Each structure stands twice: as C-alpha cells, then as structure tokens.
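Engineer:
Residue numbers (our numbering): 4 to 370.
#1: Report all residues from its chain with a CB closer than 8 Å to the CB of residue 457; omit the five preceding and five following residues, and keep chain order.
#2: Could you give the first and the last residue of the continuous alpha helix (DSSP H) run that contains residue 247?
#3: Quick check: the segment 356-363 against the segment 95-109, are there 3 or more CB pairs under 8 Å?
#4: Does the distance from the C-beta atom of residue 272 to that of residue 281 stay below 8 Å?
#5: Excluding the 5 residues flanking residue 113 on each side, which residues of the same chain have their C-beta closer than 6 Å to its C-beta?
#6: Alpha carbon to alpha carbon, how far is residue 12 from residue 77?
#7: Report yes if the C-beta distance between residue 454 and residue 28 is below 8 Å; otherwise report no.
#8: What does DSSP give as the partner residue(s) for residue 29 in the beta ladder?
#9: Short of 8 Å in beta carbon distance, which residues of its chain neighbour residue 209, apart from the five on each side in sequence? Order them along the chain.
#10: Among the candidates 194, 334 and 275, whose CA atom is the shortest distance from the CA of residue 367?
#11: By a C-beta neighbour count over all protein chains shown, 10 Å radius and 16 as the cutoff for buried, is residue 87 buried or exposed?
#12: Hey, quick one: how far does the beta strand (DSSP E) through residue 107 stretch, first residue to last?
#13: Using a threshold of 8 Å, state whether the C-beta atoms of residue 353 and residue 187 are closer than that.
#14: Rounded to whole angstroms, what's the CA-CA distance from residue 256 to residue 82? Just pull it up for me.
#15: Looking only at its chain, what residues have a beta carbon closer than 7 Å to the beta carbon of residue 328, apart from the 5 residues adjacent to it on each side?
#16: Quick one: what's got a C-beta closer than 7 Å to residue 233's C-beta in the same chain, skipping five residues either side?
#17: Given the structure, does residue 179 come close to the ligand ZN, in the sense that its CB is under 7 Å from one of the ligand's heavy atoms?
#18: Quick one: is residue 296 buried, meaning 16 or more other Cβ sit within 10 Å of its Cβ, or exposed?
#19: Out of curiosity, what's the CA-to-CA distance linking residue 266 and residue 123?
#20: Is the CB-CB distance between residue 220 and residue 258 below 8 Å?
#21: Do you know whose CA, among 224, 79 and 191, lies nearest residue 174's CA?
#22: Could you say which of 325, 128, 116 and 9 lies nearest to residue 146 if we only look at CA atoms?
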C-alpha cells in the first residue's frame, strides 16, 4: 500500500453519531477550522504505512466533501478495515459502475486519536442515558469501536437539504434460493421472516412486517404501489411515493443485482459451500439500497389544487447507490448452511411449518 491509497483524518476533527448497523457505526464529521499541520508518523512499515500528503496540499479538504466516516465495531466477524477495503476493491467494485455504489476511501485514523475519544463518548452516553435519550438503538448498545488504525470515508447519502428526501432498504434475496424446494410458497427472505416471527410469537415479542423482495421486480403497477407503501411505511400517496414507484418501475440497479446473485451462486450453499463466489453472492444479498430524492421531490414543493404539477415530481431523477458491501467472512458459511437446512426441514419454504407456528402466506410465490 502506498500513501496515495489513503488519506489522513486531521487531528481535531469532530465526529457526531449518525447511525449504525451490526458491524459499523457511521459519523458525520466536522473538520478543524483551519488547515492542519502536516502529520508525520515517525515509525512505519508495511502494517503502519506513512501518511498521505493530502493534508498539506491546496484543496486537501475536498476529499472530505459529501462524505461520512464509517468505523468498524469490535466484533469477531468483521475484517480489519484495510483488509475489508481491499476485498471491496477486488471483489465488489468491479461488478458495478462508480455511480451505482456508495464510494469509499481508506482513511488513516492514528494522528486524530478519534477511536478512543468516540468510545469514551459512546460509553458516557449509554451510562447517562439508559433510556430513550441514548443515541444508540437498544439492541446495539454495549458493543463499541475496534481499535483499528483505519476507517472509511463513504458517500453521504443523507438528505442534501431540508427539502430533499431519502430512503434506504435491504433488497435481500431478489430471487429464490437455488436449494429451496420446488413446491415452495415462500421465497428465502419470506421464509426466514416467517420463521423469525414464529420464534418471536412464542416468546411474546413483537413480530416483523416485511415486504417480499420479489415484489421489488414486479411489472404489476398495483404490486409496485403496495411495495412502495411498505418501503415508506405509509398507507397514503405522496410525492416521494411517486418517485419511489417510478424508480422501481424503471431502474436497472435491482435487475442487475438480481442477475449477479444468480450468476455468483447458481447452486446454493448446501451444494457448494466452499466456493468463494458464494461469499460475494451472500454479500449482495445483504447490501443496502440508498435512494436520495432531489429537493423538489419532497414536501417543500406545493401541489396545485387540481394536481397538475404532480408530474414534475415524477420526472425528477433519483440518486440510487448500493452500500454495506463488505465481503462476508467464510466463518459465516456454517450459519448459512444451518439456516437453509432449518428453512427446508421445518417447512418454512413450503408453508408446512408446525400448526402452532403457522404464519400468514404473504410472499409473491404464494399468490
């Protein structure tokens, strides 16, 4: 790795918690008000490479524009960030055009001491606000940032202005599992949700309401309207709903994602669990779609009383990118096998689960 392969997070950079998933936490960053002094790492080797000179050149700050900081959690199933980034560049990035993915840049953290500072902040917030005031979701608390020397700068897909809108969702498995029974009435995702809901019902815990991923690729207008309402968690029409429905109807990103899932895993985890392409396919089955709507497509615009100007909202372009594309670890293969066998053997694919665990058939395959 050369200095040109990464940038440096300037000392004095402030970071504010924005969101998190199972493996990473995302922060919005504010750079120091003035150009930082050049940072020098006195001792470095192949593991700790020398810093980039970007912070001492004109326009050094431009690399941080429209970017968020993503940091790895301290859990056993995540790769060190540098390795994860290398995997992304080698296995994931070649599959897509730059405009189709959340772009990422490796960033060196050591001069800023930001990991220790943010972990202190997360600990303090959890201690002081054990209830609703804690910034972190309850199920994510207690796990903190790994002491990794690298993080990632990622494309900021949050709303670009108070008048713009955003949506994110996981499209999951866009076609049936290759090892599902021929008489299946649930796709892989719907089968898994049904199994999870049965487990939660037995424990008197909340169940999940989820869309069927196969509906995302439907050609039926009513189905697209339905899945749009499910994605937006709304029963009413809106300008944003028009944008989402049009995007679902015309986009090329989801069909491409579906085709890649099929190409990379034609046999399924039970047939070829050691194939490296399986890990790529499973990565593509757990990525996130980020949609960002231009300002006029949101509620800031006022619709005329006769509704004539609704067309202008339909015709505006939506920015769509795929994120959360960290290559899955081979350590997860045994879990994937366990899950697939359970879905088959317990009847979740075929709708023949135990009577006491019966779940409604809402999958596109059951219609």
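The C-beta atom is built at its ideal place from N, Cα and C for all residues, glycine as well. Owing to the predicted nature of the structure, the values given are computational and were not obtained by experimental measurement.
Structural biologist: According to the structure data:
#1: This structure cannot settle anything about residue 457, because the visible part of the chain is limited to 4 through 370.
#2: Taking the first residue of the chain shown as position 1, residue 247 is located at position 244. From DSSP, the alpha helix (DSSP H) with residue 247 extends over 242-253.
#3: Remark: fewer than three beta-carbon pairs, one from each stretch, lie closer than 8 Å, so the segment 356-363 and the segment 95-109 are not flagged as touching.
#4: What you label residue 272 is simply residue 269 of the chain shown in a count that begins at 1. What you label residue 281 is simply residue 278 of the chain shown in a count that begins at 1. Yes, these two residues count as a Cβ contact at 8 Å.
#5: Translated into the one-based positions of the chain shown, residue 113 becomes position 110. Taken in chain order, the residues that qualify are 152.
#6: Here residue 12 is taken as the residue at index 9 of the chain shown, counted from 1. Here residue 77 is taken as the residue at index 74 of the chain shown, counted from 1. In this structure, the alpha-carbon of residue 12 lies about 20 Å from that of residue 77.
#7: With the chain represented from 4 up to 370, any question about residue 454 goes unanswered, as that position is not in the structure.
#8: Position 26 of the chain shown, counting from 1, holds the residue named residue 29. Paired residues: 22 and 73.
#9: For the purposes of this step, residue 209 is identified with residue 206 of the chain shown, where counting begins at 1. Hits under 8 Å: 203.
#10: Taking the chain shown and counting its residues from 1, the one referred to as residue 367 is at position 364. Comparing alpha-carbon positions, the option among 194, 334 and 275 lying closest to residue 367 turns out to be 194.
#11: Locating residue 87 in the chain shown gives position 84, where the first residue counts as 1. Per the 10 Å Cβ criterion, buried.
#12: Within the chain shown, numbered from 1, the residue matching residue 107 stands at position 104. 107-111 is the extent of the beta strand (DSSP E) around residue 107.
#13: By 1-based counting over the chain shown, the position of residue 353 is 350. By 1-based counting over the chain shown, the position of residue 187 is 184. The answer is yes: Cβ separation under 8 Å.
#14: As a working note, residue 256 is residue 253 in the chain shown. As a working note, residue 82 is residue 79 in the chain shown. Using only the alpha carbons, I get a separation of about 27 Å.
#15: Mapped onto the chain shown, residue 328 falls at position 325. Apart from sequence neighbours up to five positions away, the residues of its chain that approach residue 328 with a beta-carbon distance below 7 Å are 91, 95, 104, 286 and 290, ordered along the chain.
#16: The sequence position of residue 233 within the chain shown is 230, counting from 1. Here the set comprises 214.
#17: With respect to the ligand ZN, the structure offers nothing, as it holds no ligand at all.
#18: The residue you call residue 296 lines up with position 293 of the chain shown. Answer is buried; the Cβ neighbour count reaches 16.
#19: Residue numbering aside, residue 266 sits at position 263 when the chain shown is read from its first letter. Residue numbering aside, residue 123 sits at position 120 when the chain shown is read from its first letter. Roughly 45 Å separates the two Cα atoms.
#20: Here residue 220 refers to the residue found at position 217 when the chain shown is read from its first residue. Here residue 258 refers to the residue found at position 255 when the chain shown is read from its first residue. For residue 220 and residue 258, yes; Cβs fall inside 8 Å.
#21: The residue labelled residue 174 in the question sits at position 171 within the chain shown. Residue 191 is the option with its Cα nearest to residue 174.
#22: The residue labelled residue 146 in the question sits at position 143 within the chain shown. Closest in alpha carbon position to residue 146, among 325, 128, 116 and 9, is 128.
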